[in-house]
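Order-wise, the sequence lines are chains A and B. Numbering of the first sequence is given in my numbering, commencing with residue 1 and proceeding in unit increments. Numbering of the second sequence is given in my numbering, commencing with residue 143 and proceeding in unit increments.
2 protein chains.
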Amino acid sequence: MSLHDDLLEKARASGLRRTKALEAILTCLADHNRPMTLAELTSCGHLSDQCDKATVFRLLQRLSDKGMVRRLGLHERAAYFTLLLPGVHRDYLICTDCGSIEPIDAPCPVHKLEEEIRQETGFVDLYHELEFFGRCPKCASA
Amino acid sequence: MSLHDDLLEKARASGLRRTKALEAILTCLADHNRPMTLAELTSCGHLSDQCDKATVFRLLQRLSDKGMVRRLGLHERAAYFTLLLPGVHRDYLICTDCGSIEPIDAPCPVHKLEEEIRQETGFVDLYHELEFFGRCPKCASA
DNA sequence: GTAATTGCAAATACTTTGCCACGTA
DNA sequence: TACGTGGCAAAGTATTTGCAATTAC
């Protein structure tokens, strides 16, 4: 079963209806494998073209409520949304010039600290976000 | 020399004029010791009351250009701004319910990874942001 | 005196909601 | 059929800019 089918199934199981917009959004997020803005998703080829941004927005909201999507702030004015896959954590490397976003594959070194914070502060539902910003080689040489 | 004076001096040295608004903003940021939004700064007691938000915005922009302030996205719709002190790096713990923001005093475990990324990717001017999100004990029990 | 800075107001950008039509279950 | 969902359009919130008046140097 593909990632896309898996996600769709999960969304269905959590109460969402199987609509074109839902499929399009899940496909788009899964294909790109990086956080995307509402605008990007709304104009993301194939099926998404047909979806109003309000629809995409509300779907992302629902998916976020179900814990399948997370909303990020990455310095841009627009919010970013990314798939939340069980057991998968991802950090990002972002170019402050051209805005490119790429996932970092190195293991995240923060989990230990997160555990300490959980115990010392009593915070619950703890998670973290880690982003690296800089200028990519291409932008740096330009 | 106080932190405030130190900052003012630095701002002056980098070409900014010594105005009421500049002083007010530096004071406010230094006093609060945490990221603040444009709205917070604009209505931050004492002197800041007198500053238009456009003024505060443009000053933050200039301070950011000079490397004295950094702009953060912390999940809220509004952007946050924080002082950038030489040699000081700060991570934050944020309550997703009440929005409280507190600095984490534990040493940041990310510098090693940052160095690896610098070397492997060729990114320059690299820095990172690390935030922990969760619900604080007060909100969790409510 | 000159150039940076300010305030006000308007423009822009992005997000969020209301309402009724529509499609899925 | 019933209720979640979709599209359109409008409202809301935050950011950003234009311009003339003011202020720091």
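Where a beta carbon is used, it is the ideal one built from N, C-alpha and C, also for glycine. In this text, all values refer to a predicted model and were calculated from it rather than measured experimentally.
Asked                                                                                                                                                            : Found
Taking leucine 227 (chain B) as the reference, give the member of B:Met210, B:Arg219 and B:Asp233 with the closest Cα.                                           : B:Met210
Distance, Cα to Cα, leucine 214 (chain B) vs isoleucine 236 (chain B)?                                                                                           : 13 Å
From which residue to which residue does the beta strand (DSSP E) around cysteine 237 (chain B) run?                                                             : 233–237
Find the residues of chain B that neighbour cysteine 136 (chain A), judging by a C-beta separation of less than 9 Å, and give them in chain order.               : Thr263, Gly264, Phe265 and Val266
Go through its chain and collect everything with a Cβ distance to leucine 130 (chain A)'s Cβ below 7 Å, but skip five positions before and after it.             : Asp91, Cys108 and Val110
Please decide whether leucine 213 (chain B) counts as near chain A, where near means a Cβ-Cβ distance under 8 Å.                                                 : First, the amino acid is wrong: residue 213 (chain B) is arginine here, not leucine. Yes, because at least one Cβ of chain A sits closer than 8 Å to the Cβ of arginine 213 (chain B).
With distances taken from CA atoms, which of B:Leu145, B:Leu150 and B:Ile243 is nearest leucine 101 (chain B)?                                                   : Residue 101 (chain B) cannot be examined here, being either before or after the span of chain B that is shown, 143 to 284.
Which of the three DSSP states is assigned to valine 124 (chain A) in this structure?                                                                            : strand
Anything in chain B within Cβ reach of proline 109 (chain A), meaning under 8 Å, just list it in chain order.                                                    : Pro251, Val252, Lys254 and Leu255
From aspartate 148 (chain B) to glycine 134 (chain A), what does the alpha carbon distance come to, in whole angstroms?                                          : 27 Å
Report yes or no: is there a C-beta of chain B within less than 8 Å of the C-beta of alanine 54 (chain A)?                                                       : no
Within the continuous alpha helix (DSSP H) that includes threonine 27 (chain A), where are the two ends?                                                         : 20–32
Quick test of your reading: histidine 146 (chain B) and leucine 164 (chain B), contact by CB under 8 Å. State the CB separation rounded to the nearest angstrom. : Going by Cβ atoms, the distance from histidine 146 (chain B) to leucine 164 (chain B) rounds to 11 Å, so no, they are not a contact pair.
Quick one: what's glutamate 258 (chain B) bridged to in DSSP?                                                                                                    : According to DSSP, glutamate 258 (chain B) bridges with nothing at all.
Could you list which residues in chain B have their beta carbon closer than 8 Å to that of alanine 106 (chain A), in chain order?                                : Leu255, Glu258 and Ile259
Cβ atoms of isoleucine 104 (chain A) and isoleucine 243 (chain B): under 8 Å apart, would you say?                                                               : no
So leucine 38 (chain A) and alanine 78 (chain A) are supposed to be a Cβ contact under 8 Å. How far apart are they, rounded?                                     : 6 Å
What residues from chain B crowd round phenylalanine 133 (chain A), counting only those whose CB sits closer than 9 Å?                                           : Phe265, Asp267, Leu268, Tyr269, His270 and Glu271
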